[in-house]
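Colleague:
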Amino acid sequence: MATLPHLLNPALWRYKNEGNANIVLQYIGDHPDYVHHVLRLRKGDGSPSAMRDADPAATEQEVFDLKYARAIVAPLIGAEYVGPVVSPFPSKSFTSLLEVTPMFLKSVSDAIQPHRPPRRLTKSINVEQRRAILSLDYTRLPSYYGQTLSIELKCITIPSDEISDTVVTLLFTSTQPKWGFLPTAPNIHPAKRRACRFCMHQFLKHEEAGSGAHNISGYCPLDLFSGKDARMRRALEELMKCPQNNFKMWWKNGEIEIGDMAYVTALLDFFAEDSHSANESALSDLLVRIFQTEPLLTRLKRLQCTLDSLDIEGIRALFTRLEEENGGVREPEMEEWKEVVRRYGKRITEGMDSE
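For the sequence shown, my numbering gives the first residue as 265, with consecutive numbering after it.
1) Select from 338, 337, 305, 344 the residue whose C-alpha is nearest the C-alpha of residue 325.
2) What would DSSP say about residue 604, mapped onto helix, strand or coil?
3) Leaving out five residues on either side along the sequence, give the residues of the same chain with a beta carbon under 6 Å from the beta carbon of residue 438.
4) Quick one: is residue 350 buried, meaning 16 or more other Cβ sit within 10 Å of its Cβ, or exposed?
5) Alpha carbons only, please: which of 309, 530, 290, 447 is nearest the one belonging to residue 402?
6) Mark residue 377 as exposed unless 16 or more other C-beta atoms lie within 10 angstroms of its C-beta, in which case mark it buried.
7) Who are the near neighbours of residue 596 in its chain, counting only those whose CB is closer than 8 Å to its CB and skipping five residues on each side?
8) For residue 574, which residues in the same chain have their Cβ closer than 6 Å to its Cβ, ignoring the five residues on either side in sequence?
9) Going straight from the alpha carbon of residue 526 to that of residue 580, what length do you get?
10) Which of helix, strand or coil does DSSP assign to residue 620?
11) Less than 8 Å between C-beta atoms, sequence neighbours within five positions excluded: which residues of the same chain meet that for residue 578?
12) Nearest by alpha-carbon distance to residue 571: which of 550, 608, 539 is it?
13) Return helix, strand or coil for residue 402, following the three-state DSSP convention.
14) Rounded to whole angstroms, what is the Cα-Cα separation between residue 277 and residue 602?
15) Reducing DSSP to helix, strand and coil, say where residue 308 ends up.
16) How is the alpha helix (DSSP H) around residue 534 delimited, first residue to last?
17) Can you name, in chain order, every residue of its own chain whose Cβ lies under 7 Å from the Cβ of residue 507, other than the five neighbours on each side?
18) Can you have a look at residue 486 and say buried or exposed, based on whether 16 or more other CB atoms are within 10 angstroms of its CB?
19) To which residues of the same chain is residue 654 closer than 8 Å at the C-beta, ignoring the five residues directly before and after it?
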């Protein structure tokens, strides 16, 4: 863990994004070791129990998260898709822990409040947390990155001294693919064999929110995971129509809203087609080719299918039984997670050998 008082200046950070559990801040200072990095801070709901960080298990959560990414996630999906974890500082590319103070967290929380979406204001930064995760900003290309994937999908090497924010303009997209298969567990509800989880959740949210309060997305993860050109293109086009929180875009180091004028301008500048529809089509084509070239979606689908053979209905029944037998179910420790991955790898290897 790093103690870097010079980073605990609220003026060096600005709001970038957030999810349900974390808020992400972008470093806007000029120190070369931290340019192109972000700070991930845990959120709390404002209650004393949620904001209290005296529990050793809570204070170790960030440490566990980093170890989990490196020891559990990386072996499953590939280390190339997991950010590097190196320490101590300085480094050109790292993910590490930064020691933070309540005063810094309170100041940052107050400063970013006007920039947060209204729907996210029910939770704020947990000002009692002692550590935050400092990591590479994957929506920006640092000048020391020498290899990129061009529109023609040819791996090209750009001399590092020729790369800067002024000469290389990049369009970044972020996609949450969701669940890419239909379950086959024997004791599930028949509806689950016909409709994917994401689509069912879309209709549930629509019903709970009331007519017109929640736009139903036409995106279906089964299309994106299919590997078929037409279906993948349809999935991406539906994400562009109704992105919700599942499709985001960054242009010239700033996030842009899908569908607004900045989005139209970004696509025009990047693809230079004659019309906006042609530019969107070019974006879909490019993303399809990238998804088909990279093995990530195929790996995710295989992991989902083979790690979720019981479905939530089967897991819930098993969880209830274990709770009754043992008086509760604790969170697995890191060594237990590693053993799960080891057994899983052995099971998959034996299954492939028997085919």
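Glycine included, C-beta positions come from ideal geometry on N, C-alpha and C.
Modeller: In brief:
1) In the sequence shown, residue 325 corresponds to position 61, counting from 1. Taking only the C-alpha atoms, the option nearest residue 325 is 305.
2) Position 340 of the sequence shown, counted from the first residue, corresponds to residue 604. Residue 604 falls in the helix class under three-state DSSP.
3) Residue numbering aside, residue 438 sits at position 174 when the sequence shown is read from its first letter. Excluding residues within five positions, the ones whose Cβ falls inside 6 Å are 512.
4) Residue numbering aside, residue 350 sits at position 86 when the sequence shown is read from its first letter. For residue 350, the pLDDT reaches just 46, beneath the cut-off of 50, and the residue's location in the model is therefore unreliable, leaving the point undetermined.
5) Numbered from 1 along the sequence shown, position 138 holds the residue referred to as residue 402. Of the listed residues, the one whose Cα sits closest to residue 402 is 290.
6) Within the sequence shown, residue 377 is the residue found at index 113, counting from 1. Residue 377 is exposed by the Cβ-count criterion.
7) Counted from its first residue, the sequence shown places residue 596 at position 332. Cβ within range, chain order: 604.
8) In the sequence shown, residue 574 corresponds to position 310, counting from 1. Cβ within range, chain order: 449.
9) As a first step, residue 526 is located in the sequence shown; it is residue number 262 there, counting from the start. As a first step, residue 580 is located in the sequence shown; it is residue number 316 there, counting from the start. Whole-angstrom Cα-Cα distance: 45 Å.
10) A question about residue 620 goes unanswered here, because the residues of the chain that appear run from 265 up to 619.
11) Along the sequence shown, one-based indexing puts residue 578 at 314. The answer, listed in chain order, is 449, 451, 452.
12) The sequence position of residue 571 within the sequence shown is 307, counting from 1. The candidate whose alpha carbon is nearest that of residue 571 is 608.
13) For this step, residue 402 is matched to residue 138 along the sequence shown. Coil at residue 402, not helix or strand.
14) Residue 277 sits at position 13 when you count from the first residue of the sequence shown. Residue 602 sits at position 338 when you count from the first residue of the sequence shown. The straight-line gap from Cα to Cα measures roughly 36 Å.
15) On the sequence shown, position 44 is the one that residue 308 refers to. Strand, per DSSP.
16) On the sequence shown, residue 534 is found 270 positions in, with the first residue counted as 1. Residues 525 to 535.
17) As a first step, residue 507 is located in the sequence shown; it is residue number 243 there, counting from the start. Result list for residue 507: 522, in chain order.
18) The count along the sequence shown starts at 1 and reaches residue 486 at position 222. Burial call: buried.
19) The displayed coordinates of the chain run from 265 to 619. Any statement about residue 654 would go beyond what the structure contains.
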